[in-house]
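One structure is given here, and the rest of the page talks about it.
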Amino acid sequence: MTGDWVSLFSGGKDSSWALYRAMESDLDVSRLLTVHPAGDSYMYHTPATRLAALAAESVGIDLVELEPDDFGADDVDDAGAQGDDELEPMEAALRELAADRDIDLAGVTAGAVESEFQTSRIRGMCDRLGIELFAPLWGEDPVELAEAMFDAGFEIRIVQVAAYGLDESWLGRRYDAAALAELLELREEYGVHPLGEGGEFETYVVDGPHMNRRIDLEYETVWEGDRGHIDVTDATLR
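Rendered as structure tokens:
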């Protein structure tokens with residue numbers, strides 16, 4: 059799997075783990091690609107994606123960003139159609155990178171865990187582009203994945219919650235072994251996925267073995283009755 063790799067990257071734990079595993083596997087990741095959806099998305103991690111640039115700076119890999127204006131404005135009622143539409147600007151960006159004579163595009167990394175909706179579309183995109191897909195989280199046990207992230211030294215913060223059992227106290231909390239133990243209890247009671255695969259919570263990685271500098275966050279919490287997120291007021295590389 060020689061050549062240049064692009065890591066689909068939000069700054070969250072799953073895409074960061076895919077990037078880390080790719081680097082461990084000696085894949086030459088020469089670009090990170092971040093999508094900034096305008097609102098809710100079927101395909102992409104949405105909260106705190108603006109912090110991906112700071113994470114990319116810490117990792118030391120060039121970042122390509124897709125803005126909301128890159129997406130079609132038409133509203134669609136069908137989730138599948140919206141997923142297909144959302145994929146188009148990413149595929150166009152990858153085609154543009156592949157056309158760069160200084161890049162020999164070999165494949166992309168993705169942090170998908172269980173979502174066939176996302177993975178099938180990314181796999182289809184890779185097939186059309188004639189490139190490989192590296193998805194090291196796909197089909198793996200979620201608890202073992204979380205524990206592997208902790209053991210590797212990932213420092214992960216919860217930046218959004220939207221599930222029964224998760225209150226405002228979870229916002230900004232470190233996602234670690236203690237949090238995982240509580241999430242497993244909530245899985246029994248409410249069906250909360252331990253990795254937040256159903257959108258129960260979203261994360262941001264502030265430090266890890268793939269990063270050169272830790273990211274310090276200052277934020278306020280925003281709570282909206284049964285869900286909430288952090289509003290980052292300052293973010294700096296230590």
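Per my numbering: the sequence shown = residues 59 to 296. C-beta: ideal position from N, C-alpha, C; glycine also.
Alpha carbon of residue i to alpha carbon of residue j, nearest angstrom
i, j, result
"Trp196", "Ala168", "9 Å"
"Ala157", "Arg89", "14 Å"
"Ala221", "Ala170", "20 Å"
"Asp162", "Ile288", "39 Å"
"Asp274", "Met81", "24 Å"
"Pro267", "Arg285", "31 Å"
"Leu191", "Leu85", "12 Å"
"Asp160", "Ile180", "24 Å"
"Gln218", "Asp234", "16 Å"
"Met269", "Glu260", "20 Å"
"Arg231", "Leu224", "11 Å"
"Asp69", "Thr107", "Looking at the sequence itself, residue 69 is Gly, so the reference to Asp does not match. One C-alpha to the other measures close to 7 Å."
"Asp292", "His94", "19 Å"
"Phe175", "Glu255", "12 Å"
"Val264", "Arg272", "6 Å"
"Ser65", "Gly249", "30 Å"
"Pro252", "Leu109", "23 Å"
"Gly283", "Gly257", "17 Å"
"Phe212", "Thr279", "23 Å"
"Leu91", "Ile214", "20 Å"
"Gly188", "Ser227", "45 Å"
Strand pairing of residue i, partner residues [DSSP]
i, result
"Gln218", "Glu260, His287"
"Ala293", "Leu275"
"Arg232", "Arg215"
"Trp281", "Gly286"
"Trp63", "Val87, Gly165"
Under the three-state DSSP convention, the category residue i falls into
i, result
"Tyr248", "helix"
"Leu1", "Past the edges of the chain, shown from 59 to 296, lies residue 1, and the structure says nothing about it."
"Asp265", "strand"
"Leu253", "coil"
"Arg108", "helix"
"Asp120", "strand"
"Leu241", "helix"
"Glu115", "helix"
"Leu77", "helix"
"Glu125", "coil"
"Asp72", "helix"
Original post:
When the Cβ atoms of the stretch 67–80 are set against those of the stretch 200–211, are three or more pairs found closer than 8 Å?
Top reply: yes
Original post:
Can at least three beta-carbon pairs, one atom from the stretch 107–115 and one from the stretch 143–150, be found at a separation below 8 Å?
Top reply: no
Original post:
Residue ranges of each alpha helix (DSSP H) run of no fewer than 4 residues wholly in the stretch 130–214, ordered along the chain?
Top reply: 137–157, 174–187, 200–210
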